[in-house]
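Using my numbering, the letters of the sequence shown map in sequence onto residues 1 to 369.
In this text, a Cβ means the ideal position worked out from N, Cα and C, and glycines have one as well.
Let me begin by presenting the structure, written as structure tokens, before commenting on it.
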Amino acid sequence: MKQITLLAIESSCDETGVSVVQKENGDIRVLSELIASQSIHESTGGVVPEVAAREHLQVIGPMITNAMQQANVNKDSVHAIAITVGPGLMPALAVGVQAARTLAFAWNKPIVPVHHIEGHIYSALLSREANEANAANEAISSMPALGLIVSGGHTMLIEIENHLTYKILGQTRDDAAGEVFDKVARMLQLSYPGGPKVSELAKRGNSEVFAFPRPMSNSHDLDFSFSGLKTSVLYKLQELGKDLSEQVRADIAASFELAVIDCLAGKLVNAMKKKKYGSVLLAGGVAANSALRSRIQKESDAHAVKLCVAPQALCGDNATMIGQAGLFAYEAGRKKNWQEVDAVARVSIESFSKTGLYSLLTDSRNRES
Ligand code: KG4
Ligand code: ZN
Numbered sequence: 001m002k003q004i005t006l007l008a009i010e011s012s013c014d015e016t017g018v019s020v021v022q023k024e025n026g027d028i029r030v031l032s033e034l035i036a037s038q039s040i041h042e043s044t045g046g047v048v049p050e051v052a053a054r055e056h057l058q059v060i061g062p063m064i065t066n067a068m069q070q071a072n073v074n075k076d077s078v079h080a081i082a083i084t085v086g087p088g089l090m091p092a093l094a095v096g097v098q099a100a101r102t103l104a105f106a107w108n109k110p111i112v113p114v115h116h117i118e119g120h121i122y123s124a125l126l127s128r129e130a131n132e133a134n135a136a137n138e139a140i141s142s143m144p145a146l147g148l149i150v151s152g153g154h155t156m157l158i159e160i161e162n163h164l165t166y167k168i169l170g171q172t173r174d175d176a177a178g179e180v181f182d183k184v185a186r187m188l189q190l191s192y193p194g195g196p197k198v199s200e201l202a203k204r205g206n207s208e209v210f211a212f213p214r215p216m217s218n219s220h221d222l223d224f225s226f227s228g229l230k231t232s233v234l235y236k237l238q239e240l241g242k243d244l245s246e247q248v249r250a251d252i253a254a255s256f257e258l259a260v261i262d263c264l265a266g267k268l269v270n271a272m273k274k275k276k277y278g279s280v281l282l283a284g285g286v287a288a289n290s291a292l293r294s295r296i297q298k299e300s301d302a303h304a305v306k307l308c309v310a311p312q313a314l315c316g317d318n319a320t321m322i323g324q325a326g327l328f329a330y331e332a333g334r335k336k337n338w339q340e341v342d343a344v345a346r347v348s349i350e351s352f353s354k355t356g357l358y359s360l361l362t363d364s365r366n367r368e369s
């Protein structure tokens, strides 16, 4: 009976995540899962990297102990430590990476470096229900898959050619979709992170009231652009003036949300038309948005492609997704010693998977600036 147990850590932005995951005879089990979200950033309206790092430092040690206790494992039963090495906020990433390096040194265990987006992709294959487990297995056996990753820092269409092998088909040329949700939330005086609040407000609004643009929807590539949409919402709010009624605010939110969803769904459909994929994997913080989830479900159904979507609670940053990707990477032989692993603020998932990880992480010339 082959059993692999990983301690997984995530600290790339403002969530500290520690999980213990286990794979046994092909089945993945989450033995413990802890997520600490930092509320301190609400007052600044965005994440200040050094503040995030200090918050991670406060909680990461006790969280590691608690996650191991809850999972009923000790250092002897852990095979390796999976850690998000990048991309993300450097001071925040460094806390998790240094914790992982210290444990790897003290326990004499390997580290499995995981790309943050790779983690999000694998979260779509995390099943919490029996029928979802079948869908995930089907997706795994019917590669290539088409990944739509929509978060606060990234908006990408990725072809998952095979396990741990990725090709970026398109991405945002300016703001990420989640970032724009957060900025529109600020314009509507909603606190950070604003995505969930805009989407709550949108539920009471009419998406037909304001005609916001769908930037790049007619371009022939699979790239996105959201900054023009953001500016258009800003101009509309300036035109409408102060003291907006709750209904007008809701109509703005709904019209904005539909514009974002149209952009995402439009490019996803274009990608599905170009090539036959076994499945669509939807993940990232914005994938928690129920209107987006149902629209992507509709488009996948229309193209007879199976949709695997991350459980709503695991769309945001967490360590379970890092552990899940880490399990596949560990099995593929991605094992580094503590000296070979470092945090890297900017690195594309494609170069992370294609180049040798050792040289990528230790040779600054390979880092993207
Ligand atoms: O993946 P994530 O937790 O962090 C990054 O890796 O960026 O994504 C966070 C983003 C934030 O911008 C947040 O506002 C957005 O996801 N978000 C949402 C929703 N829930 C979270 N955006 C729209 N609708 C939601 N329900
Ligand atoms: Zn993320």
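Spatial neighbours of residue 262 within its chain, please: C-beta separation below 6 Å, excluding the five flanking residues on both sides. As a position in the sequence shown, residue 262 is number 262, starting the count at 1. If we look at residue 262 and ignore the five residues flanking it on each side, its Cβ neighbours are 214.
Using a Cβ-based criterion (distance less than 8 Å to any ligand heavy atom), does residue 316 qualify as near the ligand ZN? Here residue 316 refers to the residue found at position 316 of the sequence shown. Flag set: Cβ of residue 316 near the ligand ZN.
Output yes or no for whether 9 Å exceeds the beta carbon distance between residue 18 and residue 5. Numbered from 1 along the sequence shown, position 18 holds the residue referred to as residue 18. Numbered from 1 along the sequence shown, position 5 holds the residue referred to as residue 5. No, the pair does not count as a contact, with Cβ atoms beyond the cut-off.
Any 3 or more C-beta pairs closer than 8 Å across the segment 173 to 191 and the segment 221 to 233: yes
Roughly how many angstroms lie between the CA atoms of residue 221 and residue 170, to the nearest whole one? Within the sequence shown, numbered from 1, the residue matching residue 221 stands at position 221. Within the sequence shown, numbered from 1, the residue matching residue 170 stands at position 170. About 7 Å.
Give a single yes or no on whether residue 115 has its beta carbon closer than 8 Å to a heavy atom of the ligand ZN. To locate residue 115, count along the sequence shown from 1; it is residue 115. Incorrect: residue 115 has no Cβ contact closer than 8 Å to the ligand ZN.
Just confirm the distance between the C-beta atoms of residue 268 and residue 280, as a whole number of angstroms; I'd bet it's less than 8 Å. Here residue 268 refers to the residue found at position 268 of the sequence shown. Here residue 280 refers to the residue found at position 280 of the sequence shown. At roughly 7 Å, the Cβ-Cβ gap stays under 8 Å, so residue 268 and residue 280 are in contact.
Please report the distance separating the alpha-carbon of residue 110 from that of residue 79. Start at 1 with the first residue of the sequence shown, and residue 110 comes out as number 110. Start at 1 with the first residue of the sequence shown, and residue 79 comes out as number 79. Roughly 7 Å between the two C-alpha positions.
With a 10 Å radius around its C-beta and 16 neighbouring C-beta atoms as the bar for buried, classify residue 96 as buried or exposed. Taking the sequence shown and counting its residues from 1, the one referred to as residue 96 is at position 96. By the neighbour-count rule (16 or more Cβ atoms within 10 Å), residue 96 is buried.
Distance check for residue 243 and residue 140, CA to CA, integer angstroms please. Taking the first residue of the sequence shown as position 1, residue 140 is located at position 140. Taking the first residue of the sequence shown as position 1, residue 243 is located at position 243. Going from the Cα of residue 140 to the Cα of residue 243 covers about 51 Å.
Output needed for residue 173: all residues of its chain with C-beta closer than 8 Å, excluding positions within five of it in sequence on either side, in chain order. Within the sequence shown, numbered from 1, the residue matching residue 173 stands at position 173. Excluding sequence neighbours, residue 173 sits near 216, 223, 224 and 225.
Just to confirm the assignment: which complete beta strand (DSSP E) runs, minimum length 3, are found wholly within the segment 89 to 169? 111 to 115, 145 to 150 and 155 to 162
Taking residue 5 as part of the alpha helix (DSSP H), name the residues at either end of that continuous run. Stepping through the sequence shown from its first residue, residue 5 is reached at position 5. Premise fails: residue 5 lies in the beta strand (DSSP E), 3 to 10, not in any alpha helix (DSSP H).
Whole angstroms are fine: how far does the CA of residue 30 sit from the CA of residue 72? Counted from its first residue, the sequence shown places residue 72 at position 72. Counted from its first residue, the sequence shown places residue 30 at position 30. Approximately 12 Å between the Cα atoms of the pair.
Tell me whether residue 86 sits in a helix, a strand or coil according to DSSP, three-state version. Stepping through the sequence shown from its first residue, residue 86 is reached at position 86. In this structure, residue 86 counts as strand in the three-state DSSP scheme.
For residue 267, would you say it is in contact with chain C, using Cβ-to-Cβ distances shorter than 9 Å as the test? Looking for chain C here will not work: only one protein chain is present.
Assuming residue 24 and residue 3 make a contact with CB atoms under 8 Å, what is their CB distance in whole Å? Locating residue 24 in the sequence shown gives position 24, counting from the first residue. Locating residue 3 in the sequence shown gives position 3, counting from the first residue. Right, the Cβ-Cβ distance comes to about 5 Å (below 8 Å), so this counts as a contact.
Under the three-state reduction of DSSP, which class applies to residue 263: helix, strand or coil? As a working mapping, residue 263 is identified with position 263 in the sequence shown. Helix.
Exposed unless 16 or more other CB atoms sit within 10 angstroms - verdict on residue 179: Locating residue 179 in the sequence shown gives position 179, counting from the first residue. Its Cβ being crowded by 16 or more others within 10 Å, residue 179 is buried.
In terms of alpha-carbon separation, which member of 84, 8 and 92 lies closest to residue 75? Taking the sequence shown and counting its residues from 1, one reaches residue 75 at position 75. Taking only the C-alpha atoms, the option nearest residue 75 is 8.
DSSP state of residue 45 mapped onto helix, strand, coil: Residue 45 sits at position 45 when you count from the first residue of the sequence shown. Residue state, collapsed to three classes: coil.
When DSSP builds the beta bridges, which residues end up paired with residue 27? Within the sequence shown, the letter at position 27 stands for residue 27. Bridge partners of residue 27: 24.
In the DSSP assignment, find the unbroken alpha helix (DSSP H) run with residue 199 in it and report its ends. To locate residue 199, count along the sequence shown from 1; it is residue 199. Segment 195 to 202, the alpha helix (DSSP H) holding residue 199.
C-alpha gap between residue 306 and residue 259, whole angstroms: By 1-based counting over the sequence shown, the position of residue 306 is 306. By 1-based counting over the sequence shown, the position of residue 259 is 259. Spanning the two alpha carbons is a distance of roughly 24 Å.
So does residue 179 have its beta carbon nearer than 8 Å to some heavy atom of the ligand KG4? Residue 179 sits at position 179 when you count from the first residue of the sequence shown. Under cutoff, so the answer is yes.
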